[in-house]
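All remarks here apply to the structure that follows.
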Amino acid sequence: MTSTLHSFKAWLALLAVTVLAGCAHPIAVVPDQARLARSADAPAPMPLRVGYHIPAALADMEVTTPGGGGDNIRYFPYRDIDAGFEKMLSNVFSDIVKLPSIANPAETASSGVHYVIVPTIVTTSGGSGLFTWPPTSFSVDLTSQVRDPAGTLVASPRVVGFGSAETSERIFDHGIAGRRAMEDALLRMQAALRETSFSGAAAQRQRGTTSERLDQLKALRERKDITEEEYEKKRKEILDAL
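For the sequence shown, the working numbering begins at 2 and goes up steadily by one.
This is the structure in structure tokens:
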């Protein structure tokens, strides 16, 4: 009886992702904070008070990217990453505060923060299913601009996280590939921030070499997460920045 009921639920879930076609389907890509928990053997948080800021316009920005079956998906990357981003920062720094605004340097300095971090997110997705719309692959390109309270750029580490999902997973959890990509990007950013120098010197320290960025871009193309046209455009931007 239990097996029959489970099979019936699976059939209903599969039906939901096949018949609801022809539009942009809403999903959530909120990372699981349990997967971001600091391990017992991790380095102790740096004794710094760090503020982070996500502009309201970005928090309310809905993004649409490809899913499967010729359909699109839509979600709020900045809103969904918010709590996970704060959790990740708390693994790296001893004191984290969310700043509602960073427009006034004097006001930012009065909050007592040593640094201010603003994330930038670029997402891509794709689906290999011909008749199901939930994405099978997802990527999160995450950059953290680190500035001192006066607004001077100190560092700008950048990482790319990837997530994928099998049909049996995504028919029940439509955003699972995106959630996994978010978690992967946050863990990679955690490692990048730990490797970043926070001596107070106002000098940019860009993480990741040009060859690494090109390899990541090539991987996106091979996974068909971006088109050939998008690949060439982004490749040109990387090379032009040299």
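For glycine and all other residues, C-beta sits at the position ideal for the given N, C-alpha and C.
Excluding the 5 residues flanking S139 on each side, which residues of the same chain have their C-beta closer than 6 Å to its C-beta? It is worth fixing the name first, because residue 139 is Phe in this sequence and not Ser. The answer, listed in chain order, is S126, G164, A178, G179 and A182.
Can you have a look at T65 and say buried or exposed, based on whether 16 or more other CB atoms are within 10 angstroms of its CB? exposed
Beta-carbon spacing of H54, I103 below 8 Å: yes
Beta-carbon within less than 6 Å of P48's beta-carbon, same chain only, minus the 5 sequence neighbours each way: which residues are those? S95
Neighbourhood of A29 by C-beta distance below 7 Å, restricted to the same chain and skipping five residues each side: Y76, D81 and G176
In the DSSP assignment, find the beta strand (DSSP E) that holds S140 and state where it starts and stops. S138 to R148
Give me the Cα-Cα distance between Q146 and T197, rounded to the nearest whole angstrom. 12 Å
Given 8 Å, three or more beta-carbon pairs between the segment 148-165 and the segment 183-194: yes
For G201, which of helix, strand or coil comes out of DSSP? The predicted model places G201 with a pLDDT of 46, which falls under 50 and marks its position as unreliable; any figure quoted below should be read in that light. G201 falls in the coil class under three-state DSSP.
Top-ranked residue by Cα proximity to R236, from D216, L90, P32 and N105: D216
Please classify I172: does DSSP put it in a helix, a strand, or coil? coil
8 Å Cβ shell around W12 - same chain, five flanking residues per side excluded: The pLDDT assigned to W12 is 40, lower than 50, so where the model puts this residue is not dependable; a value taken from the coordinates is nonetheless given after this. Correct list: empty, nothing qualifies.
Around the C-beta of T133, are 16 or more other C-beta atoms found within 10 angstroms, so that it is buried, or is it exposed? buried
Just reading off the alpha helix (DSSP H) that K88 is part of, what are its end residues? P78 to V93
What does I97 pair with, by DSSP beta-bridge criteria? V51
Taking the alpha-carbon positions, what's the I172 to G130 distance? 11 Å
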